[in-house]
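**Student:** Residue numbers (this note's numbering): 1 to 492.
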Ligand code: NAI
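And the structure:
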């Protein structure tokens, strides 16, 4: 395998908006002075691109360069609000299928926190699923009162993120890996995330794999952060928990992140554009620098990553700080002076904190080979699949009994009305009159003896119903082998 001694690496760089250009300039100067040998292709992305009419927030050339290099190092970016455009940050993560968001939260000597004062070390890596969950942003206003967001958790998507997390844990020599979830409530979606976690765990017997309900995780992270090593979570839960972890180590100024995909990976700080301090030279570049250090390791430049990391730790230990952290705000340095201090300390190692051990340069990074077409990820089927019913989501401001009566009027002999629920709570055939209803019911019909149904039969029934009630949406009820593919209503 060639190493970087003979292969130069090119990366795409987007400085971003707000404080982005200032912190990016600081970090690239440190990279150059540390002799990383990287070459940069600057790409146009961010707020000004939306303003120029690029609905994705980037030029086609930017997209091409990022796909060619396979690496995007980006500053924070602003998505104009209320213009109907999607967040460029989320778009970038999803378009290039960066399925794992890795965020490292580590106590840094010189960064004063409640935990550092209490002598409790924090070293937690969060791996957040980065594409699915509610972040599909698939939302509908089904009635004027009812908004719905679809939450996708898929088997191939979950397997990708779990495999990445376990592989990373093995490389890191970790002992323990934990899956955070809410499978006690969302038995099918989070249940699938959890099931695939333990499926992958079987290939890593040296790692202690366990799981925890996300609310309990939040409490334990605050009370005993030192008991967690690597935590893997679905997207939304991972988003919230990772900001909690940022708070444990000194805030967003110290929270780096890597968005890892099979073809393209994106490295960025967790924080935003900080418009309140933009252009003033006050921004803290540490989170972007730590993201860059993760990127150097990803590129096989671990030796350079160690050199910069040790210089940063030495600098922090010496009390150098920007205005947002450290002791006396009056003694704070500018973004540029902070970078100069790190550059001046290249080659030094911290005395109080444990220096990062030397690591050899890794295998040379190879840019992705463009696939001819989209990959379609499908796992093997577990058994015979059949449609056994339909959930109809209908609009009505009447009583549940009235809705039942309309359905029963149209019901063919092959189908039976099973339950009607409102916001997931059963209100027919049995109910409590204390259950408040809103103007949408979920009406479940199933085939008798769960005999297989055709789509045509279900849709013909839907067409007949639509003469008497407004259908908002419908879901086919599936059975996969012995497994029921739908949840029961509360109280059913
Ligand atoms: P923010 O992270 O930009 O700022 C929150 C607070 O933290 C502010 O007081 C800010 O001054 C401070 N702060 C953040 N980073 C700092 C740094 N490096 N050094 C010193 N202080 C720092 O969050 P906010 O205000 O909610 O978002 C501002 C804009 O950033 C929005 O347009 C948002 O959409 C965008 N954003 C972009 C992200 C990205 O590109 N990945 C992530 C989060 C927000």
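We put the beta carbon where it would ideally sit given N, CA and C, even for glycine. The model shown is predicted, which means the values in this text are computed figures rather than measured ones.
Answer with buried or exposed for residue 108, where buried requires no fewer than 16 other C-beta atoms within 10 angstroms of its C-beta.
**Tutor:** Taking the chain shown and counting its residues from 1, the one referred to as residue 108 is at position 108. Buried, since its Cβ has 16 or more Cβ neighbours within 10 Å.
**Student:** Count the other CB atoms within 10 Å of the CB of residue 210; is the residue buried (16 or more) or exposed (fewer)?
**Tutor:** In the chain shown, residue 210 corresponds to position 210, counting from 1. Exposed, since its Cβ has fewer than 16 Cβ neighbours within 10 Å.
**Student:** When the Cα of residue 170 is compared with those of 205, 140, 139, 185, which residue comes out closest?
**Tutor:** Here residue 170 is taken as the residue at index 170 of the chain shown, counted from 1. The shortest C-alpha separation from residue 170 is found at 205.
**Student:** Measuring only the C-alpha atoms, how far is residue 90 from residue 412?
**Tutor:** Numbered from its first residue, the chain shown carries residue 90 at position 90. Numbered from its first residue, the chain shown carries residue 412 at position 412. Whole-angstrom Cα-Cα distance: 46 angstroms.
**Student:** So the candidates are 441, 455, 419; which of them puts its Cα closest to the Cα of residue 491?
**Tutor:** Along the chain shown, one-based indexing puts residue 491 at 491. Closest option to residue 491, Cα to Cα, is 419.
**Student:** List the whole-angstrom C-beta distance separating residue 394 from residue 470, where the pair is believed to meet the contact cut-off of C-beta under 8 angstroms.
**Tutor:** The residue given as residue 394 occupies position 394 in the chain shown. The residue given as residue 470 occupies position 470 in the chain shown. Contact holds; Cβ gap of about 6 angstroms.
**Student:** If you compare alpha carbons, which of 112, 71, 81 is closest to residue 96?
**Tutor:** In the chain shown, residue 96 corresponds to position 96, counting from 1. Taking only the C-alpha atoms, the option nearest residue 96 is 71.
**Student:** Please name the residue, chosen from 298, 309, 280, that lies closest to residue 290 on a Cα-to-Cα basis.
**Tutor:** For the purposes of this step, residue 290 is taken as the residue at position 290 of the chain shown. With distances taken between Cα atoms, residue 290 lies closest to 309.
**Student:** Name the DSSP beta bridge partners of residue 143, please?
**Tutor:** Here residue 143 refers to the residue found at position 143 when the chain shown is read from its first residue. Its beta-bridge partners are 146.
**Student:** Taking 6 angstroms as the limit between beta carbons, can you name the residues of its chain near residue 200, skipping five residues before and five after?
**Tutor:** Mapped onto the chain shown, residue 200 falls at position 200. Closer than 6 angstroms at the Cβ level, and outside the excluded window around residue 200, lie 162, 163, 166.
**Student:** Looking at the unbroken alpha helix (DSSP H) that takes in residue 129, where does it start and where does it end?
**Tutor:** As a first step, residue 129 is located in the chain shown; it is residue number 129 there, counting from the start. No alpha helix (DSSP H) holds residue 129; the beta strand (DSSP E) holding it covers 123-129.
**Student:** Taking the straight line between their C-alpha atoms, what separation do you get for residue 367 and residue 68?
**Tutor:** For this step, residue 367 is matched to residue 367 along the chain shown. For this step, residue 68 is matched to residue 68 along the chain shown. Whole-angstrom Cα-Cα distance: 7 angstroms.
**Student:** Give the secondary structure of residue 12 by DSSP, where H, G and I count as helix, E and B as strand, and everything else as coil.
**Tutor:** To locate residue 12, count along the chain shown from 1; it is residue 12. Correct three-state label for residue 12: strand.
**Student:** Counting beta carbon pairs with one atom in the stretch 438-445 and one in the stretch 141-149, are three or more of them shorter than 8 angstroms?
**Tutor:** Touching, per the Cβ criterion.
**Student:** Give me the Cβ distance between residue 382 and residue 481, rounded to the nearest whole Å; I'm assuming they're in contact under 8 angstroms.
**Tutor:** Translated into positions along the chain shown, residue 382 becomes position 382. Translated into positions along the chain shown, residue 481 becomes position 481. That pair is a contact at about 5 angstroms.
**Student:** Tell me the rounded alpha-carbon separation between residue 298 and residue 277.
**Tutor:** Residue numbering aside, residue 298 sits at position 298 when the chain shown is read from its first letter. Residue numbering aside, residue 277 sits at position 277 when the chain shown is read from its first letter. Cα-Cα distance, rounded: 31 angstroms.
**Student:** Beta-carbon within less than 6 angstroms of residue 124's beta-carbon, same chain only, minus the 5 sequence neighbours each way: which residues are those?
**Tutor:** Translated into the one-based positions of the chain shown, residue 124 becomes position 124. Contacts found: 105, 228, 245.
**Student:** Please give the ranges of any alpha helix (DSSP H) in the stretch 284-338, keeping only runs that are unbroken, at least 4 residues long and fully inside the region.
**Tutor:** Runs of the alpha helix (DSSP H) inside the stretch 284-338: 286-298, 302-317.
**Student:** Ignore the nearest five residues each way along the sequence and tell me which others in residue 1's own chain have a CB closer than 6 angstroms to its CB.
**Tutor:** In the chain shown, the residue the question calls residue 1 occupies position 1. Reliability of the predicted coordinates at residue 1 is poor, the pLDDT of 45 falling under 50, and the value obtained from them is presented with this limitation in mind. Answer for residue 1: 363, listed in chain order.
**Student:** Which one of 397, 100, 118 has the shortest CA to CA distance from residue 133?
**Tutor:** To locate residue 133, count along the chain shown from 1; it is residue 133. Comparing Cα-Cα distances from residue 133 to each of 397, 100, 118, the minimum goes to 100.
**Student:** Within 10 angstroms of its Cβ, does residue 434 collect 16 or more other Cβ (buried), or is it exposed?
**Tutor:** Along the chain shown, read from residue 1 onward, the residue named residue 434 stands at position 434. Exposed: under 16 other Cβ atoms inside 10 Å.
**Student:** Is residue 358 helix, strand or coil by DSSP?
**Tutor:** The residue labelled residue 358 in the question sits at position 358 within the chain shown. In the structure shown, residue 358 sits in coil (DSSP, three-state: anything other than H, G, I, E or B).
**Student:** Which of the three DSSP states is assigned to residue 254 in this structure?
**Tutor:** By one-based count along the chain shown, residue 254 stands at place 254. If DSSP states are grouped into helix, strand and coil, residue 254 belongs with the helices.
**Student:** So residue 93 is in the alpha helix (DSSP H); what residue range does that whole segment cover?
**Tutor:** One-based indexing of the chain shown puts residue 93 at position 93. Counting along the chain, the alpha helix (DSSP H) containing residue 93 begins and ends at 88-95.
**Student:** In three-state terms, what does DSSP make of residue 181?
**Tutor:** Residue mapping note: residue 181 aligns to position 181 of the chain shown, counting from 1. Residue 181 falls in the strand class under three-state DSSP.
**Student:** Using a threshold of 9 angstroms, state whether the C-beta atoms of residue 78 and residue 272 are closer than that.
**Tutor:** Counting from one through the chain shown, the residue named residue 78 turns up at place 78. Counting from one through the chain shown, the residue named residue 272 turns up at place 272. For residue 78 and residue 272, yes; Cβs fall inside 9 angstroms.
**Student:** Short check: CB of residue 74 to CB of residue 266, under 9 angstroms?
**Tutor:** Numbered from 1 along the chain shown, position 74 holds the residue referred to as residue 74. Numbered from 1 along the chain shown, position 266 holds the residue referred to as residue 266. Contact: yes.
**Student:** Alpha carbon to alpha carbon, what distance is there between residue 13 and residue 38?
**Tutor:** Reading the chain shown from its first residue, position 38 is the one you call residue 38. Reading the chain shown from its first residue, position 13 is the one you call residue 13. Going from the Cα of residue 38 to the Cα of residue 13 covers about 11 angstroms.
**Student:** Which residues share a DSSP beta bridge with residue 445?
**Tutor:** If you number the chain shown from 1, residue 445 lands on position 445. Paired residues: 390, 417.
**Student:** Cβ atoms of residue 453 and residue 387: under 9 angstroms apart, would you say?
**Tutor:** To locate residue 387, count along the chain shown from 1; it is residue 387. To locate residue 453, count along the chain shown from 1; it is residue 453. Their beta carbons are under 9 angstroms apart, which means residue 387 touches residue 453 by this criterion.
**Student:** Flag this pair as yes or no: are the beta carbons of residue 153 and residue 241 separated by less than 9 angstroms?
**Tutor:** Position 153 of the chain shown holds residue 153. Position 241 of the chain shown holds residue 241. Result no, Cβ atoms of residue 153 and residue 241 do not sit closer than 9 angstroms.
**Student:** How big is the Cα-Cα spacing for residue 356 and residue 306?
**Tutor:** Mapped onto the chain shown, residue 356 falls at position 356. Mapped onto the chain shown, residue 306 falls at position 306. So the two alpha carbons sit approximately 6 angstroms from each other.
**Student:** Taking the straight line between their C-alpha atoms, what separation do you get for residue 85 and residue 151?
**Tutor:** For the purposes of this step, residue 85 is taken as the residue at position 85 of the chain shown. For the purposes of this step, residue 151 is taken as the residue at position 151 of the chain shown. Their Cα atoms are separated by approximately 20 angstroms.
**Student:** For the ligand NAI, is there a heavy atom less than 8 angstroms away from the beta-carbon of residue 78?
**Tutor:** Along the chain shown, read from residue 1 onward, the residue named residue 78 stands at position 78. Within the cutoff, so yes.
**Student:** Around the Cβ of residue 396, are there at least 16 other Cβ atoms within 10 angstroms (buried) or fewer (exposed)?
**Tutor:** By one-based count along the chain shown, residue 396 stands at place 396. Under this definition residue 396 is a buried residue.
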